[in-house]
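Here the structure is laid out as structure tokens; the discussion comes afterwards.
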Amino acid sequence: MSVANLDGLFRPNSVAVIGATNEPGHVGCVVMENLLAGKFLGPVMPMSLTEDSVLGIDAYKGVDTLPLTPDLAILCVPPEEAPEYIYRLGRRGVKAAVALCPGYARLTPGEKWEIQEKMLSAAEDEDIRILGPSGLGLIIPPIGLNASLVKAEPPKGRIAFISQSASLFTGVLDWARGHGIGFSYVVSLGDRLDLKYHDLFDYLSSDPNTRSILLYLESVSDARKFMSAARAAARNKPVLVVKPGRRRGPSGESLAKPGQGLDEVYHEAFRRAGMLRVFEIDALFDAAQTLARSQQLKGDKLAILTNGGSVGVMSADTLVERGGKLAGFSEQTVLAMRELLGPNWLRDGIVDMGLTASPEHYTQALSTLLKDKESNAVLVMHVPFAAVAGEEAAKAVIAAAAKNQRPVFTCWLGAGVAEPARALFSQAGIPTYATPDTAVRAFLDMANHRRTQELLMEMPASIPAGFTPDTEMALGVIHSVLEEGRGELTEPEAKVVLASYGIPVILSRLVRTVPEVLEAAQEIGYPVAIKVVSPDIPQPFDVGGVVLDVEDAEELRQAAQAIKARARKLELGADIKGFIVQKMGRRGAQELLVQAQVDPVFGPFLRFGQGGLAAKLSQDKAIALPPLNMSLARDLISRTRVSAFLRGFGGRPPADIDAISLTIIQVAQLVIDIPQIQEIDINPLFADSQGVAVLGARIRVADATAAGQDRLAIRPYPKELEQPAVLKNGREILVRPIRPEDEPAHHEFFKHLSPEDLRFRFFGVVRELSHMEMARLTQIDYEREMAFIATAPNEDGIPETLGVVRASAKPDNSTAEFAIIVRSDQKGQGLGRLLMEKIIGYCRSRGTGAITGQALLENKGMQGLAEKVGFEVWRNTDDEVVEMHLDLKQPPGLYR
């Protein structure tokens with residue numbers, strides 16, 4: 001189905017109410033009342049089999065008798081009648097419907113499923129989109145449309161609010177009305193039969209009336225579509241989300257309903273999608289307005305300017321406690337402040353001007369701070385004081401802020417006395433807050449949003465460069481385990497699998513008896529560690545089943561016997577299979593944890609943190625979604641408390657962070673490549689300045705139900721699409737998908753393009769592309785667009801870009817628009833045709849319906865190339881453009 005059909009839902013000019021009635025309280029009556037009470041200018045056409053008029057409006061007996069084809073239909077009929085009406089409406093040409101079927105909530109799950117299947121089948125057959133069922137409908141304040149069950153008239157604004165919860169839908173509308181919050185759209189999703197999050201993201205991200213997208217979400221059904229659409233939307237405008245379900249169990253583990261996924265994985269998915277997660281409704285709207293009003297942050301250091309020292313210190317405490325950073329001050333700023341305020345103005349990074357600070361003090365102090373490169377934003381606060389007018393101080397701040405692009409946050413304390421100043425800030429577009437806590441939270445939201453935007457640009461390869469794992473060896477071990485009917489590898493088997501992916505492991509032996517323990521230790525060499533092996537004891541540490549640093553045979557004999565006795569005593573009836581004997585790791589190394597699991601929603605994810613016996617107590621863990629690169633692996637490490645120890649302490653040298661990061665990437669790749677793997681538990685992973693080594697490891701497996709990469713929520717770099725080729729002049733090139741790290745070469749590529757080639761490509765004069773513009777060209781979402789570059793080393797051996805072709809598909813994959821450009825000094829070598837054939841083959845393999853493009857009428861070379869590879873070309877002399885179209889549903893024919 002086409003996203004274009006959503007215009008019928010979000011921009012209707014006419015509405016039909018199917019099942020309208022005069023019966024008070026009935027859905028068909030409530031919807032009619034809300035539609036007529038609003039300011040919607042289009043016709044509202046009630047349809048009723050039993051009534052001649054509804055609320056004074058003439059009613060119609062059937063879909064075919066409606067005087068015109070409505071853009072939007074509201075279904076207020078019983079659920080069993082809905083499929084037939086969807087079919088009839090689709091045949092009439094209606095493109096969207098809201099299903100508000102009375103009695104639907106009382107159906108059994110089986111009855112709901114049967115009706116949903118019929119509704120969806122009718123919708124797909126007739127190309128009609130459905131919102132619901134079981135939701136409350138939608139409200140579009142800019143056109144005065146209330147097609148919902150809620151009697152509300154929210155003011156129009158630039159915020160789109162989407163709610164999966166019906167109860168929160170009504171609560172938020174009431175809350176927003178009291179706080180003066182306006183909306184572009186308010187949507188209650190209901191059961192998401194047809195219309196889902198990714199559909200709304202795709203529509204709203206390009207909607208000019210929407211400045212930010214707010215989401216109340218409980219669960220996701222299609223993770224890859226969700227992530228792809230959310231990432232695309234978050235590139236264009238702020239996307240903020242509230243999700244319930246943060247409760248944890250007694251051991252700190254996330255609680256989740258079966259099949260709904262872990263909250264901590266959702267949290268990481270939001271981060272990787274560039275979304276900002278907040279935890280309260282008021283914070284949701286505060287953050288939306290802050291992000292919409294403020295300049296983009298370029299760092300995370302906040303300077304505080306205040307006329308009340310105590311308030312400044314409290315704000316700084318809140319900032320640091322929540323993970324923020326206070327800005328330092330340059331020597332130039334220090335001298336300027338000393339001259340303005342005297343010697344006692346500074347309190348640990350806070351500029352305290354004193355209660356009697358005048359508007360001129362605010363002007364000069366703020367102007368100085370905004371010029372200081374040590375700070376990224378300034379929080380300006382004012383404590384009421386009878387001798388100083390708060391409004392005049394606010395005007396001074398507004399004037400100073402207008403001369404600088406750096407973000408300014410304001411907090412004028414007090415109730416009524418501060419309202420005029422806050423009104424001035426709001427009119428000037430400067431974020432303002434009633435309390436220091438909310439002001440600091442707003443800054444931290446912006447800082448977090450900046451970090452999520454940086455993560456959004458990361459698109460790692462499916463296989464890291466220079467990494468060649470022995471996948472066949474790992475698969476051989478796993479297949480043999482599955483053939484034996486086992487679901488878990490022994491520790492030595494697990495270490496073979498890990499070693500096949502380049503992960504350093506400590507030598508170990510699996511033995512059954514105490515004499516074999518002694519023999520294994522003799523072979524390995526002391527000191528050793530010994531651990532009990534039992535399918536009934538998943539964590540030997542918990543029952544004293546592990547002894548470390550055993551120095552000799554007698555000590556080892558006693559340790560083995562004691563371990564066996566403790567295990568049997570604490571785990572009654574435990575089946576003791578034997579022992580693991582292994583070489584002790586390096587003394588003084590940090591014990592870490594690396595785990596991989598499969599979330600039922602977002603697929604494989606990694607967990608990193610403190611390992612060893614302290615792992616359960618510390619609960620020091622962070623989550624990441626594969627695929628990963630070194631940047632994302634380092635980010636994962638940095639989000640744990642143990643990372644502070646890894647940087648070195650007490651005279652110990654720092655651990656090898658690169659080795660830890662590489663191990664995390666290798667574990668991620670293992671889970672990507674081998675879909676039989678359900679869980680990996682490396683604990684502990686020893687890490688020090690010499691590198692890493694796996695001391696303990698568990699791997700659980702099961703028969704695969706999907707290909708490895710298909711399990712991922714984020715599509716990785718498609719290395720399999722790389723293709724070597726040779727140009728007419730004999731130069732060897734590589735045609736491959738573009739990568740984020742191609743940005744420097746892309747800048748150089750543009751320097752080799754003539755002004756005419758640039759004009760042909762961009763339909764106008766282009767001198768230079770900014771970093772952000774270039775990032776959008778090189779950091780793409782492979783799930784919905786593709787760009788192939790031709791690259792080859794230059795005379796100095798440095799890879800250079802010779803040409804690029806890209807195609808951006810519509811969300812429904814019906815068509816893709818292409819663009820191509822070849823370096824001006826590389827023409828005539830067959831590169832253009834090679835790139836065009838590459839993108840055509842790719843789009844055909846993805847099931848794209850057609851490829852289209854435009855060129856300037858004078859660009860004869862592009863027209864000739866398009867015709868050679870099979871495009872139909874239409875020349876429009878009036879508009880001086882050429883339209884190009886290639887139908888991919890037809891079998892490929894002979895090129896001209």
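Numbered per my numbering, the sequence shown finishes at 896, counting up by one with no gaps.
Virtual Cβ for every residue (Gly too), placed ideally from N, Cα, C.
Please determine whether the Cβ atom of residue i lies at a distance below 8 Å from any heavy atom of the ligand SAH.
i, result
"I780", "In terms of ligand content, the structure shown is empty, and the ligand SAH therefore cannot be addressed."
Taking the DSSP output, what are the residues bridged to residue i?
i, result
"V54", "I57"
"Y185", "A160"
"F605", "Q597"
"M381", "T306 and C411"
"K237", "According to DSSP, which records beta bridges pairwise, K237 is partnered with nothing at all."
"D681", "Q595 and R698"
"G578", "V533"
"A725", "I733"
"Y433", "C411"
Need the endpoints of the alpha helix (DSSP H) that residue i sits in, please.
i, result
"R272", "D263 to R272"
"W175", "A166 to H179"
"V44", "Per DSSP, V44 belongs to no alpha helix (DSSP H); it is in the beta strand (DSSP E), V44 to M47."
"C29", "V27 to A37"
"P436", "P436 to L456"
"L9", "D7 to F10"
"A400", "G390 to A401"
"L898", "Given that the chain is displayed from residue 1 to residue 896, the structure contains no residue 898 and the question cannot be resolved."
"I524", "V514 to I524"
"E555", "A553 to L570"
"A615", "A615 to S618"
"G864", "K860 to K868"
Once the 5 residues before and after residue i are set aside, which same chain residues still bring their CB inside 7 Å of it?
i, result
"K583", "I506, L507, I524, G525 and V528"
"V517", "V511, I530, L556, A560, F579 and V581"
"A447", "L297, D300 and G324"
"K495", "V505, S508, V694 and A697"
"L89", "V63, A73, A97 and I128"
"L894", "Note on L894: pLDDT 47, under 50, position unreliable in the model; no value is reported."
How about residue i and residue j: do their beta carbons lie closer than 9 Å?
i, j, result
"A233", "F270", "no"
"R566", "V543", "yes"
"P653", "D599", "no"
"P359", "A327", "no"
"C76", "H26", "yes"
"V642", "G588", "no"
"G19", "E81", "yes"
"A910", "A303", "Because residue 910 is not part of the residues shown, which for the chain are 1 to 896, the question remains open."
"F329", "D372", "yes"
"Q709", "I478", "no"
"L138", "V31", "no"
"G308", "L366", "no"
Excluding five sequence neighbours on each side, which residues of the same chain lie with their C-beta closer than 8 Å to the C-beta of residue i?
i, result
"V881", "Q854, A855, L856 and L857"
"Y87", "A122, D125 and E126"
"K751", "none"
"M314", "P436"
Specify, as a first and last residue, the run of the beta strand (DSSP E) that residue i falls within.
i, result
"T852", "A850 to L856"
"D887", "V881 to D887"
"D199", "Unbroken run through D199 is the alpha helix (DSSP H), Y197 to L204; no beta strand (DSSP E)."
"S148", "L145 to S148"
"S631", "Taken as a continuous stretch (DSSP letters only), S631 belongs to no beta strand (DSSP E), being part of the alpha helix (DSSP H) at M630 to S638."
"V547", "V546 to V550"
"V417", "Element bounds for V417: n/a, residue is neither H nor E."
"V17", "V15 to I18"
For residue i, which residues in the same chain have their Cβ closer than 6 Å to its Cβ, ignoring the five residues on either side in sequence?
i, result
"T471", "D673"
"D887", "A850"
"R896", "Low confidence applies to R896: its pLDDT is 43, below 50, so where it sits in the model is not reliable, and the reading given next is rough at best. Answer for R896: E867 and K868, listed in chain order."
"D878", "none"
"P238", "S212 and L291"
"I350", "I304, G312 and A316"
### Query
Can you list, in chain order, the stretches of the beta strand (DSSP E) that have 3 or more residues and sit fully within the stretch 82 to 119?
Scanning the stretch 82 to 119 from its first residue to its last, the whole beta strand (DSSP E) runs of 3-plus residues come out as 96 to 99.
### Message
Quick check on the DSSP output: what are the complete beta strand (DSSP E) runs of length 3 or more inside the stretch 767 to 830, in order along the chain?
### Response
With a minimum length of 3 residues, the continuous beta strand (DSSP E) runs that stay inside the stretch 767 to 830 are 785 to 793, 799 to 809 and 815 to 822.
### Complete alpha helix (DSSP H) runs within the stretch 329 to 365 (minimum length 4 residues, chain order)
Runs of the alpha helix (DSSP H) inside the stretch 329 to 365: 331 to 341.
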